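Residue numbers (full-length UniProt numbering): 1 to 1209.
Please read the structure below before turning to the comments.
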């Protein structure tokens, strides 16, 4: 019988097998892998052999179930009839090795009128009992050769169950003489009966059984029937390209839904060839590497896909595979993007209750996003700006395509409680961003409910609050907020740990919190709370995002909290080594009382995370370091085998050390005058490292994006009452000296690189650093003191005036040339004191530090001041020591394989750089018109190019010559209410389908249009100037490239990583009253969407290819044009900077303003200031008098913006 389209979605899996065994008996359907000398060997199982093994399993179950149920004796037909019509479907509990018996038991149980219940071995006893009780399961199936697991022993002590011993794989496969076990039920008669039973993870309480009915399974079969309709984006169902005979391998256990789908359902429904095994080997990178030549389709847990992305040599072997299916939890976008470049990644999302509903194949470059067919019935409800909650609604197609309604037949709408964000330009694409029910989803897909644990830990009298962390990480952790941060000590930690241990033992999850994954919050960053003092989880986790990331990095790199003194490896004999290893095992798996020497430790509950912990402990106490690896335990999974292997490694290490000592002795005898012991001392190493660092370094190509000028910022601090100007200045000086210890380069100077250096390029700079650090009592030359209390208003008066720029000129608070001659100090600052306050004016050379780097420097300075005032947590431990290493981008660029020939880089990439295209080789000359740029804007499917770089007049020198006229600093306020009205009026006008804009896009669009329209009206109405339809206005928007460059770059990296986003519009269109703000915002959003990791990497390629950096060019240079640059600081929080409250009241600046007067004769520069406490933002720009008049008469602009301040030059 041939299956047709009309049968898809209504087929029964056992019958598919029976038909295949007759129609194509020799087809290989399963292969069992084993390893021999590291190479895989396979035992192939044909459809006929597999069908007979299924029947043998069914008869075995039938016999034992009849005996248990005291069924009457009779002939086979009578017995079969009894089995086929039981009073109810009996559940068979099972935990077993990852082998084909999972598959045989599933098929055989269905034929025998029962259902396999696959329990997760990660359950604790309470959770397992809850599932068994809810399933009314009274039969346990145990692999015959496997010792009773501790979990099962605990279950049997609490619940009476009959135990059946399942024969070995070989015994079940020896089935040539087995009679067929007829299974002839109709789909409609069993549609609501279980094919198998799984269970929820127990993240919101006890785990609950989930029946995978035949109807639910049918929806997986029917995916291929999803029709192409409007709303599917032209995308194919996810099962497209799963072809007959494709070889599939899954790393998921078959107690997990994804394991059942990929090892049982998909091979049957799509005629795939499934590879299983080797049994007893936990899936790891070494194993999958050995299988790469034998697999077409991979199904991997997210953590394994992440690991693959970090191993390029292994990844290269996947080029011959069709794709990797990633599901079960979040993956790292940056890392897995590397995988997707080599082998396509199919990112799937689904639920245990509904399987994969409506997933579609997305374009390869959008692999991280999800798309869903309209028949899925999905709705994404916006629950906060830009964040959507996932709902599913029953529709007329539910029986074929909405499996979740088989699980919940009484529901018509279900909140899946997953949170998503929407693609900025492709509205049918969605990315997972978390759970609305606060569940922590680890990188291996395991889910943990934090609420019970958090509640218990918060009962400790010293604990103010507690949050579980770890989403997307391999291990959960706790972030604890203390009532008194000064009380941190070992005794307090031990008492809190005792409660955490209670939480470990009382929750329904088996995954345990580990001691080294507990952190305390920072005193200056209290948890964010509601009016009822409930912790706002999402906001607090966002507040601590960088802290959490650094915390996990530190856990990966070291185990500073592991009590290694509690362990030792006694090498007296192999028996003492075994005892020592057993002790380590018991410490990481305390629930296992006994570790038999010949028992597979993975069967006892050891998992991949605990493997790393075991290896880490043994490395620490033996000094073996990288010579002992997780692979040794994977390859030798019993205490006995691993101890023998450990002994071999220890003996080899001892022999290596003896040989090394012999060589050292010989060298010492021949060079006795060399002070080897001194040279090897830690102190000497540190001195050498510091001397090398103080030799200075050259800037990298990315630093050329910012030409020579100072970036100036003014910070407004209130002085603490009673603190004198001199006292505050002394503390600022001392803090800066300490900051120089952490970042010696800040004490240095910038200078032009010598033309005699190898590889010299014109316009290159290098840093020169003083050879010796300053003494603690030194007065840094870079920081000046100025008392302006008799010149300027008091701080309170300034506060009341909104710290308006018209209060003083920038050069009063810091008289420093904005374009300094070389050499020049990297940092110049002046502390200006007024009654009750201080204006700290700073200048940082922009070539050396971009805006992020400047803020890092300010934070370090501030934290050093706090440290000197006794702040124990102000240690700058978040600051990576390599943060000022300007060689890092190039090292990473080369190491991660981003390098490519210049001729392969899209010429449009020049549009992201402050250099004209003429600098590049083989680029055409001429000006790109608007029509040319827009002609390049075609779907990537038909033309994979960027728009040509917009061309504008350059300058032969930097900086460009000043204009005769000077702009006046002008400040407007967009109140919070005005922003809301602007958003409400702009957002409904969706215009072009597929582009969704943010509030920030709208504010930037509003500012761009207003500033250009004022100049446009001056040109037309006063100067009688005309504009051609294709004359463009260019908006330049500096963008931080860190997020696109590499995860290897420290988050505190200080060098430049800016690129230039350049949206363009015809001047006439931009200024026309017929053009609404939403249209302009879409142009900005579309331009931003073009920025990808590959574009950022390609900009670096172009910068490296240049031979002259001395002629930067930006469209905003000069005053006579229709272009502008926006610096958007809207989301910057001044509270991120805290000098402590010993001399500055509150510690943080009350306001921050850029020093823009210096550019008023040279640039058209717009600033969006940080959002104010009242929700408003200030728009700062330079205007000529006639332009200000035009702004004030612009009805659209004045409808939302109010003039705050105007200062004549």
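Glycine is no exception: its CB is placed at the ideal position from the N, C-alpha and C atoms.
Bear in mind that the values here come from a model prediction, so they are computed numbers and not experimental data.
Could you tell me the boundaries of the alpha helix (DSSP H) in which residue i lies?
| i | result |
| --- | --- |
| residue 217 | 214 to 221 |
| residue 1099 | 1093 to 1105 |
| residue 864 | 851 to 868 |
| residue 413 | Counting along the chain, residue 413 falls outside any alpha helix (DSSP H), though it belongs to the beta strand (DSSP E) covering 413 to 422. |
| residue 1175 | Per DSSP, residue 1175 belongs to no alpha helix (DSSP H) and is neither H nor E. |
| residue 585 | 574 to 588 |
| residue 290 | 285 to 291 |
| residue 1071 | 1067 to 1071 |
Once the 5 residues before and after residue i are set aside, which same chain residues still bring their CB inside 8 Å of it?
| i | result |
| --- | --- |
| residue 760 | 753 and 754 |
| residue 940 | Confidence is the limiting factor: at residue 940 the pLDDT is only 35, short of 50, which leaves the residue's position unreliable and the question unanswerable from this model. |
| residue 167 | 60 and 144 |
What three-state label does DSSP hand residue i in the structure shown?
| i | result |
| --- | --- |
| residue 600 | strand |
| residue 126 | helix |
| residue 889 | helix |
| residue 1080 | helix |
| residue 252 | coil |
| residue 1124 | strand |
| residue 699 | coil |
| residue 500 | helix |
| residue 398 | helix |
| residue 1061 | strand |
| residue 832 | strand |
| residue 1211 | As displayed, the chain neither begins before 1 nor continues past 1209, which places residue 1211 out of reach and without an answer. |
| residue 23 | helix |
| residue 359 | strand |
| residue 619 | helix |
Taking its Cβ as the centre, do 16 or more other Cβ atoms sit within 10 Å of residue i, making it buried, or is it exposed?
| i | result |
| --- | --- |
| residue 1211 | Residue 1211 cannot be examined here, being either before or after the span of the chain that is shown, 1 to 1209. |
| residue 420 | buried |
| residue 1133 | exposed |
| residue 162 | exposed |
| residue 767 | buried |
| residue 903 | exposed |
| residue 1023 | exposed |
| residue 192 | exposed |
| residue 756 | exposed |
| residue 863 | buried |
| residue 199 | buried |
| residue 1066 | buried |
| residue 157 | exposed |
| residue 209 | buried |
Could you give the first and the last residue of the continuous beta strand (DSSP E) run that contains residue i?
| i | result |
| --- | --- |
| residue 479 | 477 to 482 |
| residue 898 | Careful: residue 898 lies outside any beta strand (DSSP E) and carries neither H nor E. |
| residue 262 | No beta strand (DSSP E) contains residue 262, which DSSP labels as neither H nor E. |
| residue 1011 | Unbroken run through residue 1011 is the alpha helix (DSSP H), 999 to 1017; no beta strand (DSSP E). |
| residue 837 | 837 to 845 |
| residue 735 | Here residue 735 belongs to no beta strand (DSSP E); instead the alpha helix (DSSP H) covers 725 to 742. |
| residue 765 | 765 to 768 |
| residue 1200 | Where residue 1200 is concerned, there is no enclosing beta strand (DSSP E), although the alpha helix (DSSP H) it sits in stretches over 1195 to 1200. |
| residue 970 | 968 to 974 |
Spatial neighbours of residue i within its chain, please: C-beta separation below 7 Å, excluding the five flanking residues on both sides.
| i | result |
| --- | --- |
| residue 1015 | 1122 and 1187 |
| residue 825 | 749 and 782 |
| residue 773 | 740, 741 and 744 |
Within the 8 Å Cβ cut-off, does residue i reach chain B?
| i | result |
| --- | --- |
| residue 512 | Absent here is chain B; the protein component of the structure consists of one chain. |
Would you check whether the ligand GDP has a heavy atom nearer than 7 Å to the C-beta of residue i?
| i | result |
| --- | --- |
| residue 778 | Summarising the ligand content, the structure contains no ligands, and the ligand GDP is consequently not present. |
Kindly list the residues whose CB is nearer than 6 Å to the CB of residue i, restricted to its own chain and excluding five residues on each side of it in sequence; keep chain order.
| i | result |
| --- | --- |
| residue 471 | 440 and 441 |
| residue 75 | Low per-residue confidence applies at residue 75: pLDDT is 37, beneath 50, and the placement is therefore not dependable, though the value from the model is reported in the following sentence. Contacts found: none. |
3 or more residues per run - each beta strand (DSSP E) lying fully within the segment 1025 to 1056: 1032 to 1040
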